[in-house]
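Residue numbers (this note's numbering): 36 to 497.
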Ligand code: UD1
Ligand code: CA
């Protein structure tokens, strides 16, 4: 038997009024991704032949974050969830089933939707939908069942009487419809309700009225159903997703010292025996090798950290590559294009940008290294600054192996320092330094014997 056609629709046209935001609800970031990215990932994981997203409010901005493989359907006026699905009817013409997801339920998993779909097909149901029992069901549509436990209708919170509002089984907003029925039923929807909207949920009672098979499937994990309608719910789902990622890492052998304050985005990988200290934030495509320490309040974005490296407190690391056994921080800022080879040390108040530090190089204190190449075992003294910018263009500083750069040095780029050279403290290097040379630029020191003592006497001080 040929598999039935499957369409997946994600509804994302609503205004999200309760967010009280200038930004469309589905664009609010959740663990580093727009809210809508989460249901889209579920939609992608389903064996569908067509995938669509209904956009409306801020359609252009929302369309920009949609991945390839989704057909965009415009709902010009947001007249309700039923109206939204109707706009997408060309995607479910013909035999088959359609799964409808909401753009605002990021905790839902593909496994749960697959179970719903499998049950729907096994029973040859007309409509199947997920339900959840919530301690606080307010705001959700309530699932009304008869004495035998069969679904009769979904009643929206705003339209529910006091008795119906006491029902704690809610509609999760995840449905499976038979295509033929869906097309017919949408055409008959009326907006005769408190919100004057075409409710997708009215289809349930319509199917029941026609004696068609309607199944409300309780979900094993009601948490998956949590929707984001306001910022309180946004914070709640954020927390659930954050903990899901941390639990996966901990099971894989990562120590998370304080899960409550640690933030790891889902695309991040962390090797076993690494330790994440309180306030650690790992973002984007960051990869941390085995046996690393990521210090308290350090943030790492889109960077690679090789095994055995220690990043201590309060560092910011962005688009950088850190080799094995490096030591970074506290208070270091590694900006895009930073590359540290094995065993490099970068200390407090050091900022790097497009800087390559070769194996064993050290820049331990108070420096700016931009557009620079630093040789093996070279020591960059405290207060060293690469003057890489003349107000218009950037220039490069190239320092060879085994160089000693004294404290408080300025390197006015473009400039090169040959290997084994020594730059004396306080020097402003403006010309290339040959290998093995000493370079120093400072005014000669003047010493006046007894001057300080005479001054104290003159002023009558001790
Ligand atoms: C909806 C359900 C409710 C369910 C809840 C679960 C309806 C009428 N109610 O309520 O039974 O308990 O979800 O989370 O369906 N949207 C559009 N176009 C529109 C209106 C909405 O695309 O015209 C989209 C929204 O962007 C959102 C989704 O549909 O992603 C749900 O809309 P929302 O207004 O959040 O519905 P709820 O009030 O949460
Ligand atoms: Ca909602």
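Beta carbons are placed, not taken as given, at the ideal position from N, Cα and C, and that holds for glycine.
Our contact map puts residue i next to residue j with C-beta atoms below 8 angstroms; I'd like the distance itself, whole angstroms only.
i	j	result
residue 394	residue 381	13 angstroms between Cβ atoms; not a contact.
residue 407	residue 390	5 angstroms
residue 237	residue 224	6 angstroms
residue 250	residue 160	5 angstroms
residue 68	residue 104	About 17 angstroms; that fails the 8 angstroms criterion.
residue 270	residue 242	No, residue 270 and residue 242 are not in contact; Cβ-Cβ is about 36 angstroms, not under 8 angstroms.
residue 61	residue 97	6 angstroms
residue 289	residue 317	So it is not a contact: roughly 10 angstroms between Cβ atoms.
residue 216	residue 226	Not confirmed; about 20 angstroms, so no contact.
Excluding the 5 residues preceding and the 5 following residue i in the sequence, name in chain order all residues of the same chain whose CB lies nearer than 7 angstroms to its CB.
i	result
residue 259	142, 143, 144 and 147
residue 74	45, 136, 137, 138, 140, 141 and 143
residue 208	137, 140 and 262
residue 277	66 and 298
residue 265	53 and 54
residue 94	109
residue 376	358, 392, 393 and 394
residue 287	307
residue 476	462 and 463
Give a yes or no on whether the C-beta atoms belonging to residue i and residue j are separated by under 8 angstroms.
i	j	result
residue 364	residue 330	yes
residue 306	residue 257	no
residue 113	residue 92	yes
residue 263	residue 252	no
residue 419	residue 405	no
residue 214	residue 300	no
residue 87	residue 100	no
residue 254	residue 169	no
residue 415	residue 397	yes
residue 447	residue 468	no
residue 177	residue 186	no
residue 536	residue 400	Outside the displayed range of the chain (36 to 497) lies residue 536, so it cannot be described from this structure.
residue 423	residue 432	yes
residue 291	residue 284	yes
residue 351	residue 334	yes
residue 48	residue 71	no
residue 443	residue 461	yes
residue 239	residue 188	yes
residue 157	residue 193	no
residue 51	residue 57	no
Given residue i, which residues of its chain have a CB within under 6 angstroms of its CB, disregarding the five upstream and five downstream residues?
i	result
residue 327	309, 340 and 344
residue 211	132, 134, 151, 152, 155 and 163
residue 172	203 and 205
residue 373	355, 387 and 390
residue 118	233
residue 525	Limits of the chain in this structure are 36 at one end and 497 at the other, which puts residue 525 out of reach.
With DSSP collapsed to three states, give me the class of residue i.
i	result
residue 295	helix
residue 353	strand
residue 421	strand
residue 132	strand
residue 159	coil
residue 397	strand
residue 195	coil
residue 281	helix
residue 167	strand
residue 92	coil
residue 412	coil
residue 406	strand
residue 436	coil
residue 303	coil
residue 99	helix
residue 213	strand
residue 117	helix
residue 258	helix
residue 127	helix
residue 204	strand
residue 386	strand
residue 231	coil
residue 63	coil
residue 69	strand
What does a CB cutoff of less than 8 angstroms around residue i pick up in its chain, not counting 5 residues either side in sequence?
i	result
residue 320	302, 303 and 337
residue 218	124, 127 and 128
residue 457	438, 439, 441, 472, 473 and 474
residue 470	435, 453, 454, 455 and 456
residue 410	393, 396, 434, 435, 436, 437, 438 and 454
Pair every Cβ in the stretch 183-199 with every Cβ in the stretch 80-88, then say whether three or more of these pairs are closer than 8 angstroms. no
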